[in-house]
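Q: Going down the list, the sequences are from chains G, Y and A. Residues in the first sequence are numbered from 1 upward in steps of one, following this note's numbering. Residues in the second sequence are numbered from 1001 upward in steps of one, following this note's numbering. Residues in the third sequence are numbered from 2001 upward in steps of one, following this note's numbering. Virtual Cβ for every residue (Gly too), placed ideally from N, Cα, C. Predicted model only: the values in this text are computed from it and were never measured.
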Amino acid sequence: MLKSLQSDILHDADSNDLKVIIISAEGPVFSSGHDLKELTEEQGCDYHAEVFQTCSKVMMLIRNHPVPVIAMVNGLATAAGCQLVASCDIAVASDKSSFATPGVNIGLFCSTPGVALARAVPRKVALEMLFTGEPISAQQALLHGLLSKVVPEAELQEETMRIARKIASLSRPVVSLGKATFYKQLPQDLGTAYYLTSQAMVDNLALRDGQEGITAFLQKRKPIWSHEPA
Amino acid sequence: MLKSLQSDILHDADSNDLKVIIISAEGPVFSSGHDLKELTEEQGCDYHAEVFQTCSKVMMLIRNHPVPVIAMVNGLATAAGCQLVASCDIAVASDKSSFATPGVNIGLFCSTPGVALARAVPRKVALEMLFTGEPISAQQALLHGLLSKVVPEAELQEETMRIARKIASLSRPVVSLGKATFYKQLPQDLGTAYYLTSQAMVDNLALRDGQEGITAFLQKRKPIWSHEPA
Amino acid sequence: MLKSLQSDILHDADSNDLKVIIISAEGPVFSSGHDLKELTEEQGCDYHAEVFQTCSKVMMLIRNHPVPVIAMVNGLATAAGCQLVASCDIAVASDKSSFATPGVNIGLFCSTPGVALARAVPRKVALEMLFTGEPISAQQALLHGLLSKVVPEAELQEETMRIARKIASLSRPVVSLGKATFYKQLPQDLGTAYYLTSQAMVDNLALRDGQEGITAFLQKRKPIWSHEPA
């Protein structure tokens, strides 16, 4: 499953035609995480290590991908499924969705999901989820920063597509440079962050689409993107 | 007081019978922080230094403790008292509780409380509290991540005990490894965080309770924890 | 504009009479950021670099300034204007205000505004704003930590002045040491943060106003600040 997800995410990653990725699921569960049958004693700890390393790779792939990745959630997202939502750049959920890291209930603390969760929500929210295993509602997830937007189930696809279409209407190299720069500056001290991003602004202006956008704005017309990479 | 708190927190820390700690208070104030009589000129700056170092040690003890520490707050928590709430892993408060860092009013900026506060709530919330000294309500504290849950006063003990009992029903070594791993990965970059936690997942699966939990789940029965350490 | 802002912020910075700074605007827009005419191809990339470096300097000046800086926002704050709000220590806004980082619409990703935004709000909120360019309301900005307070337009000046007057009534060297210490400890690990702030508490107690505040409190009278620097 993880390898299929990895290959789907990487599919056409370098094509200028790819502007945005949506990860969604069928049925009442978005994802309940790892298959526990892969984590029994018989599989051995080398295999366990491989499973978690593959999972971590997929999560980091989302962040390092050149286009924004949106999670569209309609239902329960638990353990590595909750990690997947937390790892996406944007997450839209229906109001019936819920989120949990319940591993502790079965003696397997959600430590890898905790990495993504702790970077999305306040520490006390993450710890209560991790220590009690209890779910939070979509509304709570929104309040605490795990989600970008919550809508009624009937509007989930429409709202997600609206955001996706908006992103698809933009210049891919501009969005791509912006995404990479965002995550690069995030862990830096303020001075380094501004040094890196000031340079990124200059590079962005040197892109063909950077100049096209500004010219179009000053000429009060719609920009025509070339999507020409740097 | 700090030394008594320290000794209480350390009491039986290594016993398998200890599963969770609740810190609470009697009377209308949870804690109003340092005794100002200890901070006058006569005490001298070596003594002042000792006071703040002891306080910092207690706060770090909570984080480094093998079991989750819950603050149960019913009333006012100010200065180092607010720091204590922010330092706990989980915090449950009654709706009449409030939280402040008012040191600036008496010429002593709450810099040590600010450490815990800034790691619990957004920066602008922390700075307004620190610069104005004004209290925030339990509801605001919940919204901003200082609290895990707010309940009516009459339900405070029941709700706190419900969370504590839930944690006490889990495997101590699993919870303990999870807590230590959470705080270890928190300041790391994403790659290092996933490296550390992937290893922790493998270690968790190698615990007797890790395998018991998965086996019980696959056999559709309740797990029986041995609480056997690694 | 940036240079004028810089010079205004630096004006009388070292005077004991300066206790707090309010940044506000006239008209329906707080600030819409850079003048795009400065960012065309004709200006050249050396000039572009200078623009963004100057902007970054102004933003860091706010953080490094000895007194708290309050943004008073009544209207739209976009791009570097939104960055300015996020960079202030405290931000009060009228309920009709809104906030956006719409650069991506014109092919110039708001990477420098993203530095301040990502340090004020949860990551998913920042990324949705940056990727879609869509505005958030004052209420959403408050919920997510970009603002300290939202009030009806008619009360904006009164509420901002109330906070400013409160800060102006405090000891300048105490507030100043507190602000500098807060930002210094913020990126550190917990042990280092407590080491730095414990020392700052001792230094604060050695200030004349530190002792005056505590003495006044114990004597149940109002403190009389000397504002004498360390």
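Beta strand (DSSP E) containing Ala1100 (chain Y): first to last residue?
A: Unbroken beta strand (DSSP E) run through Ala1100 (chain Y): 1098 to 1100.
Q: Report the partner residues of Val1069 (chain Y) according to the DSSP bridge assignment.
A: Answer is Y:Ile1021.
Q: May I ask you to list the residues that DSSP assigns as paired with Ile136 (chain G)?
A: For Ile136 (chain G), which the question treats as bridged, DSSP gives the partners G:Phe99.
Q: In whole angstroms, what is the alpha-carbon distance linking Val1168 (chain Y) and Val1020 (chain Y)?
A: The sequence given here places Ala at residue 1168 (chain Y); Val does not occur at that position. Rounded to whole angstroms, Ala1168 (chain Y) to Val1020 (chain Y) spans 6 Å at the Cα level.
Q: Run through the DSSP bridge pairs and tell me what Ile2090 (chain A) is partnered with.
A: Beta-bridge pairing links Ile2090 (chain A) to A:Ile2070.
Q: Return no unless some Cβ of chain G is closer than 8 Å to the Cβ of Ile2106 (chain A).
A: Cβ-Cβ to chain G under 8 Å: yes for Ile2106 (chain A).
Q: What residues of chain G sit near Leu2084 (chain A), judged by a beta carbon separation below 9 Å?
A: Going along chain G, no residue has its Cβ under 9 Å from Leu2084 (chain A), so there is no contact; the nearest lies around 14 Å.
Q: Looking at Ala2080 (chain A) and Ser2031 (chain A), is the spacing between their C-beta atoms short of 8 Å?
A: Taking 8 Å as the Cβ cut-off, Ser2031 (chain A) and Ala2080 (chain A) qualify as a contacting pair.
Q: Quick check: what's the CA-CA separation for Ser2198 (chain A) versus Gly1114 (chain Y)?
A: Cα to Cα, the separation comes out at about 11 Å.
Q: For Met2072 (chain A), count neighbouring Cβ atoms within 10 angstroms of its own Cβ and tell me buried if that reaches 16, exposed if not.
A: By the neighbour-count rule (16 or more Cβ atoms within 10 Å), Met2072 (chain A) is buried.
Q: Anything in the stretch 2111 to 2134 of chain A with a Cβ closer than 7 Å to a Cβ of chain G? List those residues in chain order, please.
A: For the stretch 2111 to 2134 of chain A, which is checked against every Cβ of chain G, the residues closer than 7 Å are Ser2111, Thr2112, Gly2114, Val2115, Ala2118, Pro2122, Arg2123, Lys2124, Val2125, Leu2127, Glu2128, Leu2130, Phe2131, Thr2132.
Q: Closest Cβ-Cβ distance between Cys88 (chain G) and chain Y: below 8 Å?
A: Answer no: the Cβ-Cβ gap between Cys88 (chain G) and chain Y never drops below 8 Å.
Q: Chain Y partners of Ser2198 (chain A), CB-CB under 7 Å?
A: Neighbours of Ser2198 (chain A) on chain Y, chain order: Ala1049, Phe1052, Gln1053, Ser1056, Thr1112.
Q: Anything in chain A within Cβ reach of Thr40 (chain G), meaning under 7 Å, just list it in chain order.
A: None at all; the shortest Cβ gap to chain A is about 35 Å.
Q: Short of 8 Å Cβ to Cβ, which residues in the stretch 62 to 74 of chain G face chain A?
A: Flagged, chain order: Pro68.
Q: Please list the terminal residues of the continuous alpha helix (DSSP H) segment that includes Leu170 (chain G).
A: Note, Leu170 (chain G): premise wrong, no alpha helix (DSSP H); not H, not E.
Q: Please confirm if Phe1099 (chain Y) has its CB atom under 8 Å from at least one CB of chain A.
A: Not one chain A Cβ lies under 8 Å of Phe1099 (chain Y).
Q: How far does the alpha helix (DSSP H) with Thr2215 (chain A) in it reach, from first residue to last?
A: Residues 2208 to 2218.
Q: Let's see if you can read the secondary structure: which residues bound the alpha helix (DSSP H) around Ser31 (chain G)?
A: Element bounds for Ser31 (chain G): not the alpha helix (DSSP H) but the beta strand (DSSP E), 29 to 31.
Q: Look up Thr78 (chain G) in the DSSP assignment and give the residues it is bridged to.
A: Answer by DSSP bridge pairing, in chain order: G:Ala100.
Q: Could you have a look at Lys2149 (chain A) and say whether DSSP puts it in helix, strand or coil?
A: Looking at Lys2149 (chain A) - three-state DSSP - the assignment turns out to be strand.
Q: By the criterion of Cβ-Cβ separation under 7 Å, what are the contact partners of Ala93 (chain G) in chain A?
A: In chain order: nothing, as chain A lies at least about 11 Å away.
Q: Excluding the 5 residues preceding and the 5 following Ala232 (chain G) in the sequence, name in chain order all residues of the same chain whose CB lies nearer than 7 Å to its CB.
A: Here chain G covers residues 1 to 230 and nothing more, so residue 232 (chain G) does not appear.
Q: Taking the alpha carbon of Gly27 (chain G) as the reference point, which residue from G:Leu156, G:Gly75, G:Asp8 has its own alpha carbon closest?
A: Checked all of G:Leu156, G:Gly75, G:Asp8; the closest Cα to Gly27 (chain G) is G:Gly75.
Q: Quick check: the stretch 1102 to 1109 of chain Y against the stretch 1125 to 1135 of chain Y, are at least 3 beta-carbon pairs closer than 8 Å?
A: Taking 8 Å as the limit for Cβ pairs, the verdict is that the stretch 1102 to 1109 of chain Y does touch the stretch 1125 to 1135 of chain Y.
Q: If Leu205 (chain G) sits next to Val174 (chain G), beta carbons under 8 Å apart, how far is it from one beta carbon to the other, in whole angstroms?
A: With 8 Å as the limit, Leu205 (chain G) and Val174 (chain G) do not qualify as a contact, their Cβ atoms being about 10 Å apart.
Q: When the Cα of Gln1083 (chain Y) is compared with those of Y:Tyr1047, Y:Leu1196, Y:Gly1178, Y:His1034, which residue comes out closest?
A: Closest by alpha carbon: Y:His1034.
Q: Below 6 Å CB to CB, which residues in the same chain sit around Leu1142 (chain Y) once its five sequence neighbours on both sides are set aside?
A: The answer, listed in chain order, is Val1150.
Q: Are the C-beta atoms of Thr160 (chain G) and some chain A residue less than 8 Å apart?
A: Not an interface residue.
Q: Please name the residue, chosen from A:Leu2002, A:His2144, A:Ala2193, A:Leu2218, that lies closest to Met1060 (chain Y) on a Cα-to-Cα basis.
A: That would be A:Ala2193, whose Cα lies nearest to the Cα of Met1060 (chain Y).
Q: For the pair the stretch 144 to 158 of chain G and the stretch 115 to 130 of chain G, tell me if three or more CB-CB distances fall below 8 Å.
A: These segments touch.
Q: For Val69 (chain G) versus Thr160 (chain G), is the C-beta spacing smaller than 8 Å?
A: The answer is no: Cβ separation not under 8 Å.
Q: Exposed or buried, Leu218 (chain G), counting other C-beta atoms within 10 Å across all chains shown (16 or more means buried)?
A: Exposed, by the Cβ-count rule.
Q: Tell me whether Cys2045 (chain A) is buried or exposed, calling it buried when 16 or more other Cβ atoms sit within 10 Å of its Cβ.
A: Classification of Cys2045 (chain A): exposed, given that the 10 Å Cβ count is below 16.
Q: Taking a Cβ distance cut-off of 8 Å, strictly less, list which residues of the stretch 1204 to 1221 of chain Y are near chain G, in chain order.
A: Hits within the stretch, in order: Asn1204, Leu1205, Ala1206, Leu1207, Asp1209, Gly1210, Gln1211, Glu1212, Gly1213, Ile1214, Thr1215, Ala1216, Phe1217, Leu1218.
Q: Near Leu117 (chain G), what residues of its chain come up, given a Cβ to Cβ distance below 6 Å and the 5 sequence neighbours on each side ignored?
A: Within the same chain, Leu117 (chain G) has close Cβ partners Ala86, Ala126.
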